[in-house]
Amino acid sequence: MFERIFSFLFMLILNITSVLGLPFDAYESKQLFNDTCFDNGFYIVSQKAVNNSVVKIGEFKFNDNSANPYWHIAQWNSGPCLWADKAESDEYTITDGLTKWVTYNRDEKSVSMRLNAVNVYKGLPAGDEAWPHLLLEQSPICDYNSLSEYDKSFYNCSADRMVVELSIRINDFVDTTNTDGINAVQYLAYFYMSDVQGKNFMWFGLNLFDNRGYQDEYWSLDKASNCMIYSVSTKDTFGGKYNSLYRNGKPYLSDEWVKVKIDLKPFIAKAIKNANESNTFGEAVSADDFYISGTNIGFEIHGNYDCTAEIKDFSLTSYNKK
428 MFERIFSFLF MLILNITSVL GLPFDAYESK QLFNDTCFDN GFYIVSQKAV NNSVVKIGEF
488 KFNDNSANPY WHIAQWNSGP CLWADKAESD EYTITDGLTK WVTYNRDEKS VSMRLNAVNV
548 YKGLPAGDEA WPHLLLEQSP ICDYNSLSEY DKSFYNCSAD RMVVELSIRI NDFVDTTNTD
608 GINAVQYLAY FYMSDVQGKN FMWFGLNLFD NRGYQDEYWS LDKASNCMIY SVSTKDTFGG
668 KYNSLYRNGK PYLSDEWVKV KIDLKPFIAK AIKNANESNT FGEAVSADDF YISGTNIGFE
728 IHGNYDCTAE IKDFSLTSYN KK
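Using the numbering used here, you'd call the opening residue of the sequence shown number 428 and step up by one each time.
Right under this line is the structure:
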């Protein structure tokens, strides 16, 4: 009995004091996002670009923290404005009362996001128009050109490891889809791979939820931004597709937090390989030509769906061997 307990404790200590097969003291690390618990609140940004950029139009704060928010709430193509058309609610929620709700849950330090696209499409088939979005964004996360070479090494995609961690659950899912056309609910995390010379850009994504089922690795052109997208498969994101938010042929609704922990580096290498094989940039590129400049996480919905997802502990930690 005591031998089993000792063995369990030994393995637990071994796991806690190591990362990716090497002891912690073999690495130096840096957390790339600010305010991973969302304590500082959010800026609400405009639905349309003004002079080719979005504009902060409001501030959603729920405590006395004097620090400015790092995170933005973006609400593309999703009906009423969270700020201009905000409805009365509790101090931890901002909503337009019709299509979008964002709630900070202080006990969990989590954020729940609801996007009701039924009230965007109104039961009609979803056409080729832009999909309604509800996103949490943080960009830029650094002024790369002003960093020391030491600090650049953590943001640069040539870092030894880039480990994403988060916990997520789907709280509610209502399907009232018109069967005509393409219909999908996606909850995605994208990381912005920006060229250190300011020339090129790639979207690098994790598909965290798709009501259509498990998703394979994806490499394609995003017509809206004219930039390439690489997305990791469901299986690789969750360490096995049956651990995902799609189970037994349907969305997985549960109070259970589903955890994601994945090293992006092997998949960044795949994205770079795809770019070179397709001559995406007209020249050969490598991982050290890019750095992580930002992120967004949230909904893209195409069709008459109403879905609520909740996340916490969303982080990206970069590791370099000493």
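Quick reminder that beta carbons are idealized off the backbone N, C-alpha and C, glycines included.
Spatial neighbours of residue i within its chain, please: C-beta separation below 7 Å, excluding the five flanking residues on both sides.
| i | result |
| --- | --- |
| ASN492 | ASP466 and ASN467 |
| HIS729 | ALA553, TRP558, ILE609, ASN610 and ALA611 |
| LEU561 | GLN502, SER505, LYS527, MET540, LEU542, GLY725 and PHE726 |
| ASN747 | TYR454, GLU455, SER580, PHE581, ALA586 and ASP587 |
| SER713 | ILE699 |
| SER681 | ARG596 |
| TRP510 | ILE471, ILE484 and GLY485 |
Can you give me the Cβ contacts of residue i inside the same chain, cut-off strictly under 6 Å, excluding the 5 residues immediately before and after it?
| i | result |
| --- | --- |
| ASN638 | VAL612 and PRO678 |
| TYR392 | The question about residue 392 has no answer here: the residues shown for the chain are numbered 428 through 749. |
| GLY524 | ALA514 |
| ARG573 | One detail in the question is off: residue 573 reads as Ser in this sequence, not Arg. There are no such residues. |
| HIS499 | TYR470, VAL472 and GLU564 |
| GLN676 | The sequence shown places Gly at residue 676, not Gln. Answer for GLY676: no residue qualifies. |
| PRO496 | ASN467, GLY468, PHE469 and TYR470 |
| SER671 | THR661 and PHE665 |
| ASN701 | TRP646 |
| SER594 | TRP684, LYS686, LYS739 and ASP740 |
Looking at residue i and the ligand MG, is the gap between the Cβ and the nearest heavy atom below 8 Å?
| i | result |
| --- | --- |
| THR603 | What this structure holds is no ligand at all, so the ligand MG is not there to describe. |
Determine the direct distance from the alpha carbon of residue j to that of residue i, and round the result to whole angstroms.
| i | j | result |
| --- | --- | --- |
| GLY666 | CYS654 | 28 Å |
| TYR531 | ASP462 | 13 Å |
| ASP622 | MET629 | 9 Å |
| PRO394 | GLN474 | The structure shown does not extend to residue 394, since the chain spans only 428 to 749, so no value can be given for it. |
| GLU556 | LYS650 | 12 Å |
| GLU644 | PHE631 | 11 Å |
| ASP715 | TYR673 | 35 Å |
| SER456 | TYR617 | 21 Å |
| VAL547 | ALA453 | 51 Å |
| TYR470 | VAL685 | 27 Å |
| SER480 | LEU615 | 22 Å |
| ILE719 | CYS508 | 29 Å |
| ARG533 | ILE689 | 26 Å |
| CYS584 | ILE521 | 35 Å |
| GLU704 | LYS692 | 18 Å |
| GLU710 | ASP740 | 37 Å |
| CYS464 | SER745 | 18 Å |
| PHE487 | ASP517 | 12 Å |
| TYR669 | GLU592 | 18 Å |
| ASP512 | LYS483 | 15 Å |
| GLU683 | GLU535 | 13 Å |
| THR707 | ALA476 | 27 Å |
| GLY640 | GLU576 | 43 Å |
| ASN627 | ALA696 | 16 Å |
| THR664 | GLY485 | 34 Å |
| SER742 | MET589 | 10 Å |
| ASP397 | GLY625 | Given a span of 428 to 749 for the chain in the structure shown, any question on residue 397 remains unanswerable. |
| ASN605 | TYR619 | 33 Å |
| SER537 | SER652 | 30 Å |
| ALA494 | VAL687 | 29 Å |
| LEU459 | PHE636 | 24 Å |
| ASN478 | PHE694 | 35 Å |
For a test of the three-state rule: what should DSSP assign to residue i, helix, strand or coil?
| i | result |
| --- | --- |
| ASN703 | helix |
| ASP716 | helix |
| ASN543 | strand |
| GLU576 | helix |
| ASN670 | helix |
| LYS697 | helix |
| ASP452 | helix |
| PHE726 | strand |
| LYS748 | strand |
| PHE487 | strand |
| LYS457 | strand |
| TYR582 | helix |
| TYR519 | coil |
| TYR548 | helix |
| TYR497 | coil |
| LYS818 | There is simply no residue 818 to check, as the chain begins at 428 and stops at 749 in what is shown. |
| LYS739 | strand |
| LYS527 | strand |
Keeping to the same chain, check which residues put their C-beta closer than 8 Å to that of residue i; ignore five residues upstream and five downstream.
| i | result |
| --- | --- |
| GLN642 | ASN634, SER658, SER660 and THR661 |
| ASP578 | LYS457 and CYS569 |
| THR603 | VAL545, GLY550, ASN731, TYR732 and ASP733 |
| TYR571 | LYS579, TYR582, SER621, VAL623, TYR718 and SER720 |
| LEU648 | CYS654, MET655 and ILE656 |
Below 8 Å, can you find three or more Cβ-Cβ pairs linking the segment 720-727 to the segment 560-571?
yes
Report yes or no: do three or more beta-carbon pairs, one from the segment 590-600 and one from the segment 735-747, lie closer than 8 Å?
yes
Can you list the beta strand (DSSP E) stretches of 3 or more residues lying completely in the segment 611-683, in chain order?
611-622, 628-637, 645-649 and 654-659
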